[in-house]
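In my numbering, the protein residues as written are -4 to 661.
Taking it in order: structure first as structure tokens, then the write-up.
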DNA sequence: AACAAGTTGTTTTTT
DNA sequence: ACAACTTGTT
């Protein structure tokens, strides 16, 4: 580990007295230095709540003020919502020019660039993007096709296989390395896994399908292999800013490096203590390797916290100070008073839920709005019991993270119809929509798909293949209806708006939905929500890629009806809480075996990541922090009883964390 | 016999 | 919600 160098630049004299924005007044010394250093590589280590977003916004404004064209600024963020929010705030600070700044996630930027340059790398520009479950479906299909699940020894499940393949790419390892290191119990299947991986790649290429990893890999390869395109893009984006750099992986770092070849104007912001995505190949060392890629880099550190009270910071600092490996950084604040965070032991899960719910109601009485309170947890399923309690007490909430709206079956069903029209070679979607029809199972579906693919190669028209199946069997009437729908969508492909097309699909799908699900009224609501989303789009292809890349992450059915739209409690996984803050934060299940999760006990590295997760959760709180855990929890997977509080907060001084016990009132 | 559909116990985090 | 297993249909 290289020693950290702090380079604090002396305050520059204010650029010009006529400027509307008074940077020096509105930013602290370090923030000001960052916002006004416009050229050359820049690394900013920004502690939690240190005004990182604010600094980025001011820097965007400063760049535009200095005459830089907004279109030549590229802002890479973790979610596209984050980018839009920043640009909106920058526009408020300055003017609408800020909205023209290019921004989004690595994946969404890759999507745009690849669609534009697809033909030059032999890619169909109307390629379909596979989300996680789509790519698992493909893998499952190929696994059966290769006869791998009939092996004597059990072959890994589709999720596991997909995880292995993804790790090879994101951690830049060979298949052998990944399997032997993390999945040694499947070492016997190495040869078959190799075969499957090759087949998977071929299948995707043949059907014009790209999974999340392909988007990044293809963009990197495009930039690395084609000098002239690299030049064009590098000249287009003259100023690059990357947020949450601690959660980027090697490929993303390479993309940044390649995009900056002609100018080196790159600024990356991050915090090694908040790196929580290593399962996706991110490594916090990435942030420290940055100076090696750009030797002329200037390094800044933001340590003053504007979010939390001192007692909360004291606790967070104590948790992170036990980290094996960390970079010296100590958050401080001027908000000195505030109450000491509380640790509450509950006798079981129900008691924990009841306590949290009751406390939330109390705080609401005291005037804390519901949307200023959040309940955070390690894994999505850990909030199930609390959700029941909240519903019982009529507390409206939204849940972020975990299962996504887009991943619900009925939404995917509807979209698959639009997808086959956009890319008829997309056999994943064909399979999905065919299986909906009664009487058609995996076998029949495969043979119909084969016929469709044949008709594409022979006549160039996919409907021919479907037609031949429309008579003579018990499912032919249903298939005829499907044919009519797809014919309509295809013939009026260019004249119909995306929302109109979706209307036709829903009309066709509604009877199937009602027959399939008992809870169809809820699902119909979801589809209506999808319809409203679609109305914002002019191009079906944009709609489809956006939905895969940036899925709306709250399901309508999760929302308990409420009169006041904004008055909703937030439930979130810690991962999805990144970058956010609330007046009051509850950390649920701070139980050893849940946070840290049992899965992480084997490796020190994973355990360290769990610690950072706890740190991230704590630093979301502005005023109040409650940490709770139930005892006597039996874990079926390990066969053990969990009763100890999280090792990260055990035996801490009462000054840092006050312990409380729940007394049941009769 | 081949295939479709219904039944029963486990589930990390996400672009 | 998924996979493995079981029952039902053509």
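Just so it is clear, CB atoms sit at the ideal spot from N, CA and C, and this is done for glycine as well.
Please determine, among the options, the residue with the shortest C-alpha to C-alpha distance to residue i.
{"i": "residue 86", "options": "63, 127, 655, 55", "result": "55"}
{"i": "residue 50", "options": "598, 22, 103, 71", "result": "22"}
{"i": "residue 44", "options": "137, 298, 229, 126", "result": "298"}
{"i": "residue 647", "options": "338, 118, 460", "result": "338"}
{"i": "residue 131", "options": "153, 75, 42", "result": "153"}
{"i": "residue 61", "options": "99, 459, 31", "result": "31"}
{"i": "residue 664", "options": "302, 403, 65", "result": "Outside the modelled stretch of the chain, which goes from -4 to 661, sits residue 664, for which no answer is possible."}
{"i": "residue 432", "options": "279, 52, 200, 507", "result": "507"}
{"i": "residue 126", "options": "118, 108, 161", "result": "161"}
{"i": "residue 255", "options": "238, 423, 229, 276", "result": "229"}
{"i": "residue 203", "options": "424, 653, 517", "result": "424"}
{"i": "residue 355", "options": "372, 389, 343, 503", "result": "389"}
{"i": "residue 167", "options": "246, 114, 358", "result": "246"}
{"i": "residue 121", "options": "654, 650, 539", "result": "539"}
{"i": "residue 48", "options": "302, 224, 141", "result": "302"}
{"i": "residue 658", "options": "343, 427, 477", "result": "343"}
{"i": "residue 393", "options": "444, 497, 568, 488", "result": "568"}
{"i": "residue 1", "options": "594, 292, 129, 315", "result": "292"}
{"i": "residue 493", "options": "417, 186, 137", "result": "417"}
{"i": "residue 123", "options": "115, 64, 624, 199", "result": "199"}
{"i": "residue 479", "options": "500, 380, 395", "result": "500"}
Go to residue i, then tell me how far its beta strand (DSSP E) extends in each direction, as first and last residue.
{"i": "residue 340", "result": "337 to 341"}
{"i": "residue 96", "result": "Premise fails: residue 96 is in no beta strand (DSSP E) and is neither H nor E."}
{"i": "residue 293", "result": "293 to 297"}
{"i": "residue 618", "result": "616 to 625"}
{"i": "residue 567", "result": "564 to 568"}
{"i": "residue 635", "result": "635 to 637"}
{"i": "residue 368", "result": "368 to 372"}
{"i": "residue 258", "result": "Per DSSP, residue 258 belongs to no beta strand (DSSP E) and is neither H nor E."}
{"i": "residue 439", "result": "Careful: residue 439 lies outside any beta strand (DSSP E), inside the alpha helix (DSSP H) at 437 to 454."}
{"i": "residue 204", "result": "204 to 206"}
{"i": "residue 662", "result": "For the chain, the structure presents residues -4 to 661; residue 662 sits outside this window and is missing."}
For the alpha helix (DSSP H) that residue i lies in, which residues bound it at each end?
{"i": "residue 392", "result": "Premise fails: residue 392 lies in the beta strand (DSSP E), 392 to 395, not in any alpha helix (DSSP H)."}
{"i": "residue 524", "result": "515 to 529"}
{"i": "residue 16", "result": "No alpha helix (DSSP H) holds residue 16; DSSP gives it neither H nor E."}
{"i": "residue 535", "result": "535 to 544"}
{"i": "residue 426", "result": "422 to 430"}
{"i": "residue 348", "result": "344 to 360"}
{"i": "residue 317", "result": "Where residue 317 is concerned, there is no enclosing alpha helix (DSSP H), given that its DSSP letter is neither H nor E."}
{"i": "residue 411", "result": "404 to 417"}
{"i": "residue 82", "result": "75 to 88"}
{"i": "residue 609", "result": "599 to 613"}
{"i": "residue 27", "result": "24 to 31"}
Sort out for me which residues DSSP pairs residue i with in a bridge.
{"i": "residue 40", "result": "265, 296"}
{"i": "residue 589", "result": "592"}
{"i": "residue 68", "result": "234"}
{"i": "residue 580", "result": "369, 620"}
{"i": "residue 640", "result": "586"}
{"i": "residue 327", "result": "299"}
{"i": "residue 653", "result": "337"}
Heavy atom of the ligand GDP less than 8 Å from the Cβ of residue i, yes or no?
{"i": "residue 594", "result": "Among the ligands in the structure shown, none appear at all, so the ligand GDP cannot be discussed."}
Check your understanding: For the stretch 534 to 549 against the stretch 325 to 339, are there 3 or more C-beta pairs whose distance is under 8 Å?
Key -> no
Review point. Would you call the stretch 600 to 616 and the stretch 572 to 592 in contact, with 3 or more CB pairs under 8 Å?
Key: yes
Exercise for review: For the stretch 98 to 152, list the beta strand (DSSP E) runs that are entirely contained and at least 3 residues long, ordered along the chain.
Suggested key: 123 to 125
Point to revise | Three or more C-beta pairs below 8 Å linking the stretch 377 to 390 and the stretch 331 to 350 | key: Segments in contact, yes.
Exercise for review: For the stretch 31 to 47 and the stretch 257 to 264, state whether three or more C-beta atom pairs, one from each stretch, are separated by less than 8 Å.
Suggested key: yes
Point to revise | Sequence ranges, alpha helix (DSSP H) only - wholly within the stretch 223 to 256, length at least 4 | key: 245 to 254
Exercise for review: Tell me the start and end of each unbroken beta strand (DSSP E) in the stretch 467 to 497 that is at least 3 residues and wholly inside, in chain order.
Suggested key: none
Exercise for review: Report yes or no: do the stretch 580 to 598 and the stretch 637 to 645 share at least 3 C-beta pairs separated by less than 8 Å?
Suggested key: yes
Point to revise | Validate contact between the stretch 276 to 289 and the stretch 237 to 257 using beta carbons, cut 8 Å, 3 pairs | key: These segments touch.
Exercise for review: Indicate whether the contact test is met: 3 or more Cβ pairs, each with one atom in the stretch 231 to 239 and one in the stretch 208 to 222, closer than 8 Å.
Suggested key: Counting Cβ pairs under 8 Å, fewer than three are found: no touch.
**Study point:** Inter-stretch contact at 8 Å, needing at least 3 Cβ pairs: the stretch 169 to 189 / the stretch 210 to 220
**Key:** no
Review point. Contact between the stretch 561 to 570 and the stretch 351 to 371: three or more CB pairs below 8 Å?
Key: Enough Cβ pairs lie closer than 8 Å, so yes.
Point to revise | contact_flag[the stretch 265 to 281, the stretch 601 to 610] where n(CB pairs < 8 Å) is 3 or more | key: Counting C-beta pairs closer than 8 Å gives three or more between the stretch 265 to 281 and the stretch 601 to 610, which meets the contact rule.
Check your understanding: Taking three-plus beta-carbon pairs below 8 Å as touching, is the stretch 104 to 115 in contact with the stretch 73 to 88?
Key -> no
Review point. Pairing CB atoms from the stretch 513 to 530 with CB atoms from the stretch 434 to 453, are three or more of them under 8 Å?
Key: no
Check your understanding: For the stretch 159 to 175 against the stretch 456 to 471, are there 3 or more C-beta pairs whose distance is under 8 Å?
Key -> no
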